[in-house]
Ligand SMILES: Nc1nc2c(ncn2[C@@H]2O[C@H](COP(=O)(O)OP(=O)(O)O)[C@@H](O)[C@H]2O)c(=O)[nH]1
Ligand SMILES: [Mg+2]
C-alpha cells in the first residue's frame, strides 16, 4: 500500500473491448490523441514511473491495457488515436474503438479525455463527451502540458474552457501538467472516491 492508499498492478492487454473482464468492477478510462501525454499522466496519477509503458512496444500500441487499481477497480488505458488527414475520409479505427467502448461499457464510471493544451478540442472529442452524457458516464476533460503555455496561450485556453463550461452542463475540465504536478491530485481523488 502506498502512502495515499493507491495500489496498481498490470492486469492484461486486450485487442478489443469484447475481451474486457466481465465483472462488476468499476472502470476508469484514459483516452486521447497520440502524444497528448496519456502515458505520462497515468504514471503520475499512479505514482509509477514506467507503468503505462508496459506494453508500449512497437506493434502493441493498438492494445487496450488494463490495470488493477486497489484490487477493486480497473484503470483502462485506451490506445492513442491520431489526427485525421484532411484528404482522408477514413475514420481512425481507434476513435471507433473508443466510441464502441463508450456505448457498451456499463462499468465505466469516468472517461478522462486528454487533450494537448496547445490545441483546441477536436470535434471527435466533443462527440465523445456527448456520448458520455447519453451513457451516464462522467466525462473529465484534461488539458495536458499546461506548463508549456505562454500568457497568450493560457488566455486562449481559459477562454475555451469557459465556452465549453457553458456548452456542456457540469463538464469537468482540469488543467494538468506532469511537470509541475498541477491537477494530478485532483485526478487521483476522482479515481479513489
Ligand atoms: N512539458 C510537458 N511535457 C509533457 C507533459 N506530459 C507529457 N509530456 C511530453 O509529451 C510527450 C508525449 O507524452 P506521452 O506521455 O508519451 O504521451 P502519449 O502518447 O499520450 O502517451 C513526451 O515527450 C512527454 O515527455 C507535461 O505535462 N508537460
Ligand atoms: Mg503513450
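Numbering (this note's numbering), first residue to last: 62 to 254. Heads up, the beta-carbon is just placed ideally off N, CA and C, and yes, glycines get one too. On a predicted model such as this, the values are computed, not experimentally measured, just so you know.
Return the CA-CA distance between residue i and residue j, expressed in angstroms with no decimal places.
| i | j | result |
| --- | --- | --- |
| residue 113 | residue 103 | 6 angstroms |
| residue 123 | residue 168 | 22 angstroms |
| residue 133 | residue 87 | 8 angstroms |
Can you tell me whether DSSP reads residue i as helix, strand or coil?
| i | result |
| --- | --- |
| residue 219 | helix |
| residue 228 | helix |
| residue 250 | helix |
| residue 126 | strand |
| residue 104 | helix |
| residue 85 | coil |
| residue 77 | coil |
| residue 170 | strand |
| residue 111 | coil |
| residue 138 | strand |
| residue 161 | helix |
The alpha helix (DSSP H) that contains residue i, what's its start and end?
| i | result |
| --- | --- |
| residue 207 | Segment: none, residue 207 is in no alpha helix (DSSP H) and carries neither H nor E. |
| residue 187 | 184–195 |
For the beta strand (DSSP E) containing residue i, name the first residue and the last one.
| i | result |
| --- | --- |
| residue 233 | 233–236 |
Between residue i and the rest of its own chain, which residues show a CB-CB distance below 6 angstroms, the 5 nearest in sequence each way excluded?
| i | result |
| --- | --- |
| residue 131 | 68 |
| residue 192 | 163 |
Here's a check: name, in chain order, each residue in its chain whose Cβ is nearer than 7 angstroms to the Cβ of residue i, leaving out the five neighbours to either side.
| i | result |
| --- | --- |
| residue 93 | 99, 141, 174, 175, 176 |
Using beta carbons (cut-off 9 angstroms, strictly below), is residue i in contact with chain D?
| i | result |
| --- | --- |
| residue 158 | Absent from the structure is chain D; it holds one protein chain and no more. |
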